[in-house]
Amino acid sequence: MYPPYQRPLVWNGPYGFDPSYIARPQSTSRPPEWPVYPSQTVIPDTTAPHPSVQRLPAFNRGTDYKEATDDPSRPSDKKTLGVYRYRAAWDIDESKHSGWKHIQLDSDEEPSRHMREHPRVKLVSWNIDFESNWPCDRATALIDYLQKVICQCPETTSRPRVPCVIMLQEVHSKVLRDVIHKHDWIRNNFMLTPIDHDKWPLSWMHGCITLVERTVCVRDAYTINYAWSDQRRMAIGIEIGLWNASGVRRNMILLNTHLEDDIDEPVHHRHRKRQLNECRLQLIRKGFGGVLCASMSRFDGYDDLDDAYVYDKLGFVDAAGYENDEKSDTWGYQGGRGAEKCRPDKMLVLSPPQRNRKLLLARPKRIGVGLTFKDNRFVSDHFGLCATLEVE
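Residue 17 is where the sequence shown starts when you use my numbering, and the numbers rise one by one after that.
Following this line, the structure appears as structure tokens:
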């Protein structure tokens with residue numbers, strides 16, 4: 017028998033080299049897949065795992081995933097999403113999606129009979145903080161606030177005065193299942209995408225969802241899992257149609273995304289620039305343009321760049337302007353690590369190149385300032401943003 021300090025270490029842990037797994041001397045009881053070493057003490061080559069060990073993909077700071085995502089030529093993963101609406105007549109069993117059914121989207125060949133010609137739409141973007149305690153209680157208070165204050169719907173059956181699109185980031189998987197699916201106001205007035213958290217890169221934790229008022233003309237929906245992301249970030253895109261004053265329909269893309277945070281600053285700053293460029297490519301893909309509603313860290317202080325330069329370089333217009341004053345800050349007032357007051361939540365506009373097809377987005381207003389639920393706890397460490405979108 018080897019003394020404990022002389023036992024060789026082997027590559028047989030679930031994630032590769034694990035010192036807690038100690039090789040045993042050769043015996044008849046040894047499993048056949050274990051490596052066999054000579055009687056003398058030998059430290060095996062640890063440059064590669066044993067062939068019997070399957071390396072799992074690394075998470076966050078794992079070198080395998082970071083090296084793979086650092087390739088700028090690697091494409092992001094884009095998949096089509098279904099859009100769902102609720103009807104009580106469909107709620108006939110105890111399944112988690114009972115009552116929510118996939119709907120046919122609007123198209124030139126088959127216009128949807130449920131959708132209307134709207135000249136404007138209200139956009140709401142909010143990072144609702146998946147890390148804090150009581151995620152479902154906080155989300156319920158937040159949805160009630162959107163219903164009664166922002167959309168001015170006194171009853172759950174009331175329809176918003178101006179059709180709206182609500183884009184939420186950092187939605188906890190429990191919130192999607194237990195609050196979004198079951199809230200009466202959402203059931204009565206909104207379409208939802210995605211329907212399940214298995215569409216998120218971090219399906220067991222959090223992701224983005226988009227709620228669209230039922231009568232808004234929706235033509236497409238998809239998700240983008242960024243190739244360059246250590247934090248498994250994503251975007252949800254929907255294509256909608258609005259009608260201008262001349263009665264002409266203008267299609268556009270609305271992107272809901274949460275970009276890379278600054279944990280490993282140089283690497284994540286580089287990933288965030290690539291993710292923002294990916295959003296630009298999606299908005300110009302069909303020549304429509306659109307609005308990017310994003311929760312993202314700022315670019316100021318890296319590579320002698322600032323937010324205004326990066327946005328101008330990519331063709332975006334910051335709907336709030338470039339002023340970094342306290343009136344535009346959305347984070348740092350209601351907790352959060354570090355609590356440095358800043359503006360990570362933005363609405364960026366990218367209009368199509370045609371001069372007569374400009375997108376008109378009003379200056380966003382902060383919402384949810386000081387909003388609390390039980391025991392005066394804040395519903396989120398972020399403020400939300402709200403603005404009205406029209407087309408020329």
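Glycine residues also receive a C-beta, built at the ideal position from the N, C-alpha and C atoms.
Since the model is a prediction, treat every value here as computed from it, not as a measurement.
Open item on the list: For the beta strand (DSSP E) containing Cys309, name the first residue and the last one.
Closed with: 306–311
Task: Backbone secondary structure at Val283 - three-state DSSP - done: helix
Task: 6 Å Cβ shell around Arg132 - same chain, five flanking residues per side excluded - done: Thr231
Open item on the list: For Leu299 and Arg393, I'd like the C-alpha separation in whole angstroms.
Closed with: 37 Å
- [ ] Check each candidate in Leu258, Val333, Leu192, Ala243 and name the one with the smallest Cα separation from Lys112.
- [x] Leu192
Task: Residues near Arg136 by beta carbon distance below 6 Å, same chain, minus five either side - done: Thr404, Glu406
Open item on the list: Is the separation between the beta-carbon of Asn272 and that of Thr226 shorter than 8 Å?
Closed with: yes
Open item on the list: In whole angstroms, give me the CA-to-CA distance for Lys390 and Ile159.
Closed with: 15 Å
- [ ] Have a look at Ser174 and Ser189 and give me their C-alpha separation to the nearest angstrom.
- [x] 27 Å
TODO: List the residues that DSSP assigns as beta-bridge partners of His188.
DONE: His222
- [ ] Check the DSSP bridge columns for Glu255 and list the partner residues they point to.
- [x] Asp236, Ile269
- [ ] Buried or exposed for Leu297, please, with buried defined as at least 16 other CB atoms from any protein chain shown within 10 angstroms of its CB.
- [x] exposed
- [ ] Can you give me the Cβ contacts of Ser396 inside the same chain, cut-off strictly under 6 Å, excluding the 5 residues immediately before and after it?
- [x] Ile144, Asp145
Task: Alpha-carbon spacing of Arg46 relative to Cys152, whole angstroms - done: With a pLDDT of 45 at Arg46, under the threshold of 50, the modelled position of this residue cannot be trusted; read the value that follows with caution. Going by the C-alpha atoms only, they are around 50 Å apart.
Open item on the list: With H, G and I counted as helix, E and B as strand and the rest as coil, what does DSSP make of Leu121?
Closed with: coil
Open item on the list: Pairs of beta-carbons, one from the segment 240–258 and one from the segment 204–218, closer than 8 Å: are there three or more?
Closed with: yes
Task: Closer than 7 Å: Pro179 CB and nearest the ligand NAD heavy atom - done: Of the ligands one can find in the structure shown there are none, so the ligand NAD has no counterpart to examine.
- [ ] Assign Leu275 to one of three DSSP states: helix, strand, or coil.
- [x] coil
Task: Selected residue, minimal CA-CA separation from Met312, among Lys138, His199, Cys295 - done: Cys295
Task: Residue range of the unbroken beta strand (DSSP E) whose run includes Trp216 - done: Note, Trp216: premise wrong, no beta strand (DSSP E); not H, not E.
Open item on the list: In this structure, how does DSSP classify Thr156 when only helix, strand and coil are distinguished?
Closed with: helix
TODO: Output yes or no for whether 8 Å exceeds the beta carbon distance between Ser245 and His287.
DONE: yes
TODO: State the beta-bridge partners of Ala403 as determined by DSSP.
DONE: Leu139
TODO: Count the CB pairs spanning the segment 362–381 and the segment 299–308 that are closer than 8 Å, and state whether there are at least three.
DONE: yes
Open item on the list: Rounding to the nearest angstrom, what Cα-Cα distance links Ser262 and His134 in this structure?
Closed with: 12 Å
Open item on the list: Based on DSSP bridge pairs, tell me the residues matched to Val365.
Closed with: Val307, Val333
TODO: Starting from the Cα of Ser92, find the closest Cα among Pro380, Arg103, Val333, Leu292 and give me that residue.
DONE: Leu292
Task: Where the beta strand (DSSP E) through Arg382 begins and ends - done: 381–383
Task: Beta-carbon proximity check, Trp106 vs Gly400, cutoff 8 Å - done: no
Open item on the list: To the nearest angstrom, how far is the alpha carbon of Cys402 from that of Leu139?
Closed with: 6 Å
Task: Arg235 and Asp122 closer than 8 Å at C-beta - done: yes
TODO: Rank Thr172, Trp259, Val333, Leu208 by C-alpha distance to the C-alpha of His118 and give the top, closest one.
DONE: Leu208
- [ ] List the endpoints of the continuous alpha helix (DSSP H) containing Asp200.
- [x] 200–205
Open item on the list: So for Cys295, helix, strand or coil by DSSP?
Closed with: helix
Task: Sequence-distant residues of its chain with Cβ nearer than 6 Å to His284 (five each side left out) - done: Glu276, Asp278
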